[in-house]
Amino acid sequence: MSDWPSHGGRPEQLLPRFGLAAKRCVIDFSANLNPLGPPSWLPERLAASLAELAVYPDPDYTAARQAIARTEGLAPGQIRLTNGGAEAIFLAAALLAKRGACRAVVVQPTFCEYERACRHYGIAVRHLGLEGESFELNGSRALDAMREADAVFLCRPNNPTGTLIAFDLIERMLAVGQRRGTTLVVDEAFIDFVTPDERLTPLLARYANLLLLRSMTKLYAIPGLRLGYVMGEGSVVEQIARLQLPWSVNAPAAALAEPLLEDSDYLQRTQGWLAAERPWLQGELESQGLRVVPSRANFLLFQDRRSGTMPALLEHLARCGILARHTHGFMGLDGAWLRVAVRSRQENAELIEAVVRWRTP
Ligand SMILES: Cc1ncc(COP(=O)(O)O)c(C=O)c1O
1 MSDWPSHGGR PEQLLPRFGL AAKRCVIDFS ANLNPLGPPS WLPERLAASL
51 AELAVYPDPD YTAARQAIAR TEGLAPGQIR LTNGGAEAIF LAAALLAKRG
101 ACRAVVVQPT FCEYERACRH YGIAVRHLGL EGESFELNGS RALDAMREAD
151 AVFLCRPNNP TGTLIAFDLI ERMLAVGQRR GTTLVVDEAF IDFVTPDERL
201 TPLLARYANL LLLRSMTKLY AIPGLRLGYV MGEGSVVEQI ARLQLPWSVN
251 APAAALAEPL LEDSDYLQRT QGWLAAERPW LQGELESQGL RVVPSRANFL
301 LFQDRRSGTM PALLEHLARC GILARHTHGF MGLDGAWLRV AVRSRQENAE
351 LIEAVVRWRT P
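The UniProt record's numbering applies: residue 1 is where the sequence shown begins, and numbers increase by one.
What follows is the structure, given as structure tokens:
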């Protein structure tokens, strides 16, 4: 296991590696959060909910689940509120283990927590690698995985590549899994950033072997508050509910689910920002000779075609006050790529200026 931090967003863990002060001020491109920040009304609403700290939250989070159900076009019984997407991942693995699953396939390179969750519950993990320059999932290998394993985990759009596995391949995987008794667990933590809408939610009506995991911390920039949910067939979600720790979501976070989902203006502003900024940032990185993976998400994975240069760029950026995400620990990337979140135009321009200085010292 690498000694690099396994998640982004913690400058104090990375900066000392380069002899820099842990508390140095940086622009953080290493966590894929919405740079608009939490909606402007949120702090006041949160402060108001502090009055309810002395009361237990509803253990079933009924109001939040009803709000999610309205947004997703599902029944409230198909939804379980979770303490971020992270808890959703561990609940999915707990459910699989409870049903006796012992073999899972994880589509790689991807977020490390699927494998950690499976191992935690005693499920053996095999990897299925995305292929080629554009990190494609090979269709026949994916279908074989659905035949051979008890569960397949994948992330859509995928962290760290930003790529999106085609809807029709997912549906073919589900059909094979339905016959074989294999569950497909899809982490849609970044799906809100994808336009046009590519959610898999409609497939839940036809496939009881589909579990969808969501995070609300990326879109609404609230990773410190923790909010997410699992969606699946009603009886499956009922089993998940039995495995969940009581009151795992705190009341102020749960109370925000409904107003967050109703804030369509915030979603529109987010989509407008990303539609302008991602192509701009990608074009600027490419104009510096970097190879950028075409992304459908709010982050970009890139590398220099000259081998061995990315660790030096990571350090150079840190010295310029810019924190990128290293890729040590991502299977097959092994530090030879960097991932950056798309941020505001001014911040993106600062990143590009730093890359230009590296290119032409
Ligand atoms: C793909 C993916 N899923 C889930 C999570 C966990 O998110 P949350 O903050 O909602 O627990 C992350 C966090 O980085 C992630 O990248």
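Cβ atoms here follow ideal geometry from the backbone N, Cα and C, with glycine treated the same way.
Based on Cα-Cα distance, which residue from the options lies nearest to residue i?
i      : options                           : result
MET146 : VAL55, GLY132, GLN178 and LEU130  : GLN178
ALA221 : ASP192, TRP247 and GLY232         : ASP192
SER2   : GLY335, ARG343 and LEU351         : GLY335
GLU136 : SER30, LEU164, ALA64 and ALA149   : LEU164
LEU169 : ARG156, GLY321, THR217 and SER307 : ARG156
PHE330 : LEU274, ASP304, GLU113 and ARG345 : GLU113
LEU15  : GLU171, VAL26 and VAL293          : VAL26
ARG291 : GLU258, VAL55, PHE90 and THR161   : THR161
ALA318 : GLY332, VAL340 and PHE299         : VAL340
ALA88  : THR327, GLU347, GLN271 and LEU227 : LEU227
TYR207 : ALA275, LEU130, ALA47 and GLY234  : GLY234
ILE322 : PHE29, LEU300, PRO202 and VAL237  : PHE29
TYR121 : ARG99, GLY132 and GLU133          : ARG99
PHE302 : THR201, ARG325, HIS316 and GLU315 : ARG325
Let me know if residue i comes out buried or exposed under the rule of 16 or more other beta-carbons within 10 Å of its beta-carbon.
i      : result
PHE18  : exposed
LEU245 : exposed
ASP62  : Looking at the sequence provided, one finds Thr at residue 62 rather than Asp. It counts as exposed.
GLY85  : buried
SER40  : exposed
TRP337 : buried
VAL356 : exposed
LEU81  : buried
LYS23  : exposed
GLU115 : buried
LEU53  : exposed
ASP265 : exposed
ALA64  : buried
GLY73  : exposed
ASP150 : buried
ARG278 : buried
THR195 : exposed
TYR56  : exposed
ARG70  : exposed
PRO76  : buried
LYS218 : buried
PRO259 : exposed
ARG141 : exposed
ASP304 : buried
SER215 : buried
ASP60  : exposed
Report the three-state DSSP secondary structure of residue i (helix, strand or coil).
i      : result
PHE18  : helix
ILE89  : helix
HIS7   : coil
ARG339 : strand
ALA255 : helix
THR327 : coil
CYS155 : strand
ALA69  : helix
ASP168 : helix
TYR229 : strand
GLY129 : strand
LEU53  : coil
ASP334 : coil
ASP28  : strand
ARG305 : coil
GLN108 : strand
THR182 : coil
ILE222 : coil
GLU188 : coil
ILE322 : strand
ARG296 : coil
ALA124 : strand
ARG242 : helix
For the beta strand (DSSP E) containing residue i, name the first residue and the last one.
i      : result
ILE79  : 79-82
SER215 : 210-215
LEU46  : No beta strand (DSSP E) holds LEU46; the alpha helix (DSSP H) holding it covers 42-49.
ASP192 : Careful: ASP192 lies outside any beta strand (DSSP E) and carries neither H nor E.
LEU290 : 290-292
For the alpha helix (DSSP H) that residue i lies in, which residues bound it at each end?
i      : result
MET310 : 310-319
THR270 : 264-287
ALA117 : 113-120
LEU351 : 345-359
ALA142 : 139-148
Let me see if you follow: with CB-CB separation under 8 Å, is residue i close to chain C or not?
i      : result
TRP280 : Protein chains in the displayed structure number just one, and chain C is not present.
Taking residue i and residue j to be in contact with their CB atoms under 8 Å, please state how far apart those CB atoms are, rounded to whole angstroms.
i      : j      : result
LEU42  : LEU256 : 7 Å
ASN298 : VAL342 : 5 Å
PRO252 : LEU36  : In fact, because the Cβ distance is near 21 Å, the residues do not count as touching under 8 Å.
PRO109 : LEU130 : 7 Å
GLN78  : LEU204 : 7 Å
ALA117 : ALA93  : 4 Å
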